[in-house]
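Now the structure itself:
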């Protein structure tokens, strides 16, 4: 049964929240307080929490299964010349990462890349 | 080893945290120092002290202290967390994320750190990281619905719609008790899920889901609109028509419903009569609906148009609706309609005269309204005849000398005649007819700015700004983000040769957009807590293209052009006048300098006075304000430092990049881009702008000029470029 807490314990309880929620706005603190109330509300809700936990692990498992093979097909195998990257960074004012990406999209061919870059994007 | 605090000091430390959270910075600082006196090497306290100092605006000291704290207590998650917060408040998000991650490694259980990290990840659009963080948060508290929704949002943003839907479904299945009917969060979540299904292109399933699950959703309108849309998309025309009719019954003034209804009924432009019948049905059913009467004017032609327009105009004139012209001017693209409308207005006047009825007591109705319409007609750019416009407006004014609308139109006619000074004066007279009307006040100030009367305009606007704002009317206009004012004011200063203030205004507009971007921060958690996720998704997508806004475009283009003219004439920053750089206006440099100085002095004086006023009003608050205002103080209020730039082209880039990225289809932006890049000798980028401009409008005069410039430039420098660039430019610009 959910007993009302004795008044002596009150101070300590707030302190508990304080120590776990370091620097937060007053509003966040209220939210945190509301959340912890939610936890301790009733037995029925604890039940749903159990169900949810099981569901969460289910969801977790199925997601982690298909996480890996999203990217990295043939494209990353394209060889990119560092001089070409430097050229693009200088001439097109791109970041290094973006320049490399663009070069890869065009088989590492700088001329092709610049040509494609020149075309209006609409 | 970190020092261990005694019980008393541990309590004191909690007090520090509380003081910080409740913004009692001085008390917090005092308590922190008390702890540090005994434990000078207590890292957590040092960090908290740094955090408070940062909040007080002492950024540099705060950083130094936080670094110290990390040195003494490398393994404290508080120290790392604070370090991250410092980076975050100084907008170095990358470093902040690193610090948070480290803090989280030390304290994997901390909800607070995890949440701060997640928010930063979505803010920086690191969706992959956001998914991970949200997953961790869900694992920690799976009983909270918002954690499930948040993970779905994360997947949605990442582009993984199926996973997003699955997460939502998983949660729904795990709930045993049916949610209450008034559960807003549930209602929104259902509709959100529906939108995800629709976004996957599965309209059939979306309709099914909508009809089964969302029947009881609280946003009834959204449900009805979605249902009608799905039915239409699925080609179930009869049902769709019924759905749209239900929507019209709800709101008979929503043009879109009519348009869709006509579409699903399969009526084409030729079926004028059939279309008209639908609108007639509703105009009888809802006599107060404007849409049902006005929309047929869009598609009707010939005599049908004439009689419908006649009836509509008579109704509007009799009522005295001031927006009649504004509601109809889009029809002017049809030359028959453009000619018919004014002749109908004339007819109306003639009939009025013939019937010789008593002039109505309200002169904005009947004759006045018709005259007003005709004045606006001849003032409009597609049907302009300014002497006629003036004639009509004078007649209208004669009828009612106190009408703000009539006076305002007169001022506008003067503007179109090119007499800006006269226009500004006339607009101010209109303002005096109703000094409590904010609209006309704003209009008058704008005309004053067009007439380069910055100070006068500010005084005009000052009648409506909050008196107690520090910095006077200008301070309030900046706080209220009155961008139209900042842009117009900047342009006026630029025309007056005050580069510094012009730049200052443009930069202020730029910063306002930054603020809008930052404002998202609060919503990443707020919207979830409130369950308003559909609106949240809209906001995120809107933020992603924030700077395509015309307000940004205009101020940024002004800034770029101003920087260009500064670059072209470096010797006298104060001589760069106007976007064209060398359209000499009479005043000479010295005089302008003097004017700028004077303006500066006046601004300072106004500021002082405002501060004094504020102090007088609230003597107790003054002291406290002063303390907090240290942070807010602008160290370059008049843009002098901006104008002293050594690298105007570099500064222009800040404005130019978003311009090209978000408004690529605006030819003015591409032209400005070309000018900047060619001066910076970035020929490929210049060519890109040129090609875009050519694609937009081959015949635009400036485009031809620029392509000639480009060819000549390339001819001169091509040998000095890297061979690969040479090859491309030769091929592309041949």
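Residue numbers (UniProt numbering), protein chains in the order written: chain D, 1 to 122; chain X, 1 to 734. We put the beta carbon where it would ideally sit given N, CA and C, even for glycine. If you're wondering where the values come from, they're calculated on a predicted model, not measured in any experiment.
- Listed in chain order, the non-local C-beta contacts of residue 101 of chain X below 7 Å within the same chain comprise 117, local neighbours out to five positions each way being set aside.
- Here residue 255 of chain X is exposed. Its C-beta has fewer than 16 other C-beta atoms within 10 Å.
- Under the Cβ criterion of 8 Å, residue 717 of chain X is not counted among the residues facing chain D.
- Non-local C-beta neighbours of residue 521 of chain X in its own chain, meaning closer than 8 Å and more than five positions away in sequence, comprise 119, 123, ordered along the chain.
- Between the C-alpha atoms of residue 95 of chain X and residue 473 of chain X there is a straight-line separation of about 38 Å.
- The beta-carbon distance between residue 560 of chain X and residue 652 of chain X, rounded to whole angstroms, is 5 Å. This is short enough to meet the 8 Å contact definition.
- With contact defined as three or more Cβ pairs closer than 8 Å, the stretch 446-462 of chain X and the stretch 416-432 of chain X are in contact.
- A distance below 8 Å separates the beta carbons of residue 562 of chain X and residue 502 of chain X.
- Shown here, residue 522 of chain X sits in a helix according to DSSP, grouped into three states.
- Chain D places no beta carbon closer than 8 Å to that of residue 351 of chain X, leaving this residue out of the contacts.
- The Cβ of residue 728 of chain X sits closer than 8 Å to at least one Cβ of chain D.
- Among the residues facing chain X, residue 82 of chain D is not included, as its CB has no counterpart in that chain under 8 Å away.
- Between the C-alpha atoms of residue 214 of chain X and residue 109 of chain X there is a straight-line separation of about 37 Å.
- Below 8 Å, enough C-beta pairs join the stretch 224-237 of chain X and the stretch 263-279 of chain X to call them touching: three or more.
- Exposure of residue 330 of chain X is indicated by the presence of fewer than 16 other C-beta atoms within 10 angstroms of its C-beta.
- In the three-state reduction of the DSSP assignment, residue 80 of chain D falls in the coil class.
- By the neighbour-count definition (other C-beta atoms within 10 Å, threshold 16), residue 21 of chain X is a buried residue.
- Between residue 224 of chain X and the set X:247, X:209, X:232, the nearest pair of CA atoms involves X:247.
- Apart from sequence neighbours up to five positions away, the residues of its chain that approach residue 44 of chain X with a beta-carbon distance below 8 Å are 2, 13, 69, 73, 76, 78, 79, ordered along the chain.
- Note that the C-beta distance between residue 85 of chain X and residue 51 of chain X is below 8 Å.
- Within chain X, no C-beta atom comes less than 8 Å from the C-beta of residue 101 of chain D; the nearest is roughly 16 Å away.
- Short of 7 Å from the beta carbon of residue 54 of chain X, and not among the five residues preceding or following it, lie these beta carbons of its own chain, in chain order: 62, 86, 89.
- DSSP, reduced to helix, strand and coil, places residue 24 of chain X outside both helices and strands of the structure shown, so it counts as coil.
- Between the stretch 695-710 of chain X and the stretch 658-677 of chain X, the count of C-beta pairs closer than 8 Å reaches three or more; the two stretches touch.
- About 6 Å separates the beta carbons of residue 297 of chain X and residue 309 of chain X, which is inside the 8 Å limit, making them a contact pair.
- If you check the CB distance, residue 284 of chain X and residue 306 of chain X do not come in under 8 Å.
- With contacts defined as CB atoms closer than 8 Å, residue 733 of chain X and residue 672 of chain X fail to qualify as a contacting pair.
- Sequence-distant partners of residue 554 of chain X (beyond 5 residues in either direction) whose C-beta falls short of 6 Å from its own C-beta, in its chain, are 487.
- In this structure, DSSP gives residue 325 of chain X a helical state, which the three-state scheme calls helix.
- In this structure, residue 206 of chain X sits near residue 194 of chain X, with a CB-CB distance shorter than 8 Å.
- Counting only residues of its own chain and dropping the five nearest sequence neighbours on each side, residue 104 of chain X has a CB closer than 8 Å to the CB of 77, 110, 113, 114, 117.
- Burial check for residue 167 of chain X: the Cβ neighbour count within 10 Å reaches 16 or more, so the residue is buried.
- Here residue 352 of chain X is near residue 367 of chain X, since their CB atoms are less than 8 Å apart.
- The stretch 395-412 of chain X makes contact with the stretch 435-447 of chain X, as at least three CB pairs between them are under 8 Å.
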